[in-house]
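Numbering (full-length UniProt numbering), first residue to last: 1 to 298.
Below is the structure:
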């Protein structure tokens with residue numbers, strides 16, 4: 001009878017995030033005790049599919065945010081949906097990202113260079129296969145066109161760093177503005193909450209292709225509205241290339257031994273997970289954290 005009036009659960013504190021946390025270059029957290037964690041927090045049972053538990057848990061927003069930002073660790077990937085035919089869309093090996101998106105970026109860059117030389121007809125399903133440039137097509141591209149395309153590419157690199165920061169801070173960490181409803185809490189968990197809940201899950205560190213397509217589609221449409229198509233293709237190519245760098249670097253920050261600059265960014269990013277999730281939104285650099293005053297002291 002009381003379940004009808006349940007508005008959330010208090011649970012007991014299981015605190016792993018702390019302002020005193022210090023990054024270790026050889027950081028390897030211990031696996032979570034599943035029985036103890038669930039009994040203490042009454043949040044999610046990591047032995048069962050997670051998304052349905054979030055949807056049906058009737059958690060208050062405050063309780064959900066408190067728990068989802070306390071990292072848990074498993075030696076394997078937790079199940080999100082349950083059925084394998086759905087689960088496959090939630091797990092992505094890091095190398096899938098460059099395999100899919102670098103060829104697309106290269107295609108757009110070469111098309112940009114050709115478009116700076118002379119107008120090209122729009123690509124349709126019927127003409128797509130013939131839209132790939134031949135060696136003769138590339139030899140006809142002027143030096144000025146290559147330069148303009150490369151300048152657009154570099155602008156796209158810069159645009160991605162701002163999108164990286166903006167998506168991370170204002171979309172993935174919409175925490176304070178998140179409506180206190182199961183549907184919004186579940187969407188938050190699906191998009192980014194699961195990464196803070198299980199930050200060392202190797203198969204959920206890079207974006208599934210469907211998710212990146214959904215995020216990038218409106219941005220690419222905007223680029224075509226704001227810029228000439230030749231410039232837009234160069235910008236998108238640069239942004240996609242830097243996205244690949246971002247996601248591969250994100251994986252490396254969690255699971256690889258790194259050169260000096262990346263060691264610093266590893267400490268910085270892990271501090272975002274284990275020290276203060278309200279600061280430190282940059283992954284490839286701290287530039288926009290400095291600009292917007294969200295630098296996380298490490």
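For each residue, glycine too, the CB sits at the ideal point set by N, CA and C.
Note down the Cα distance separating residue i from residue j, rounded to an integer number of angstroms.
{"i": "residue 47", "j": "residue 119", "result": "57 Å"}
{"i": "residue 27", "j": "residue 17", "result": "14 Å"}
{"i": "residue 49", "j": "residue 115", "result": "49 Å"}
{"i": "residue 84", "j": "residue 148", "result": "46 Å"}
{"i": "residue 108", "j": "residue 63", "result": "45 Å"}
{"i": "residue 5", "j": "residue 173", "result": "Since pLDDT at residue 5 reaches only 36, below the 50 mark, its modelled position is unreliable, and the value read off the structure follows with that caveat. Using only the alpha carbons, I get a separation of about 29 Å."}
{"i": "residue 144", "j": "residue 259", "result": "36 Å"}
{"i": "residue 199", "j": "residue 271", "result": "12 Å"}
{"i": "residue 134", "j": "residue 177", "result": "51 Å"}
{"i": "residue 222", "j": "residue 208", "result": "22 Å"}
{"i": "residue 96", "j": "residue 117", "result": "33 Å"}
{"i": "residue 238", "j": "residue 230", "result": "13 Å"}
{"i": "residue 220", "j": "residue 226", "result": "10 Å"}
{"i": "residue 254", "j": "residue 139", "result": "43 Å"}
{"i": "residue 179", "j": "residue 59", "result": "12 Å"}
{"i": "residue 9", "j": "residue 218", "result": "Only weak support is given to the placement of residue 9: the predicted model assigns it a pLDDT of 46, under 50, and the value that follows is read from those uncertain coordinates. Cα to Cα, residue 9 sits roughly 38 Å from residue 218."}
{"i": "residue 132", "j": "residue 104", "result": "11 Å"}
{"i": "residue 92", "j": "residue 184", "result": "24 Å"}
{"i": "residue 130", "j": "residue 136", "result": "14 Å"}
Counting C-beta neighbours from all protein chains within 10 Å, is the total for residue i 16 or more, i.e. buried, or is it exposed?
{"i": "residue 99", "result": "exposed"}
{"i": "residue 281", "result": "buried"}
{"i": "residue 210", "result": "exposed"}
{"i": "residue 233", "result": "buried"}
{"i": "residue 249", "result": "buried"}
{"i": "residue 291", "result": "exposed"}
{"i": "residue 31", "result": "exposed"}
{"i": "residue 106", "result": "exposed"}
{"i": "residue 82", "result": "exposed"}
{"i": "residue 152", "result": "buried"}
{"i": "residue 293", "result": "exposed"}
{"i": "residue 257", "result": "exposed"}
{"i": "residue 127", "result": "exposed"}
{"i": "residue 240", "result": "buried"}
Sorted by chain position, which residues of the same chain lie with C-beta nearer than 8 Å to residue i's C-beta, five sequence neighbours on each side aside?
{"i": "residue 19", "result": "275, 276"}
Should residue i be listed as close to the ligand MN, given that the test is whether its C-beta is under 8 Å from any heavy atom?
{"i": "residue 286", "result": "This structure lacks the ligand MN, and indeed carries no ligand of any kind."}
I'd like the span of the alpha helix (DSSP H) that includes residue i, first residue to last.
{"i": "residue 254", "result": "229–255"}
{"i": "residue 33", "result": "No alpha helix (DSSP H) contains residue 33, which DSSP labels as neither H nor E."}
{"i": "residue 300", "result": "Outside the modelled stretch of the chain, which goes from 1 to 298, sits residue 300, for which no answer is possible."}
{"i": "residue 263", "result": "260–274"}
{"i": "residue 286", "result": "Per DSSP, residue 286 belongs to no alpha helix (DSSP H) and is neither H nor E."}
{"i": "residue 205", "result": "Unbroken run through residue 205: none, as it is neither H nor E."}
{"i": "residue 197", "result": "194–197"}
{"i": "residue 156", "result": "143–166"}
{"i": "residue 183", "result": "182–188"}
{"i": "residue 55", "result": "50–56"}
Excluding sequence positions up to five away, which residues of its chain have a Cβ less than 7 Å from the Cβ of residue i?
{"i": "residue 175", "result": "65"}
{"i": "residue 113", "result": "141, 145, 146, 149"}
{"i": "residue 284", "result": "161, 164, 245, 246, 249"}
{"i": "residue 72", "result": "32, 37, 46, 197, 198"}
{"i": "residue 2", "result": "The pLDDT assigned to residue 2 is 37, lower than 50, so where the model puts this residue is not dependable; a value taken from the coordinates is nonetheless given after this. Hits under 7 Å: none found."}
{"i": "residue 252", "result": "258, 262"}
Ignore the nearest five residues each way along the sequence and tell me which others in residue i's own chain have a CB closer than 6 Å to its CB.
{"i": "residue 121", "result": "none"}
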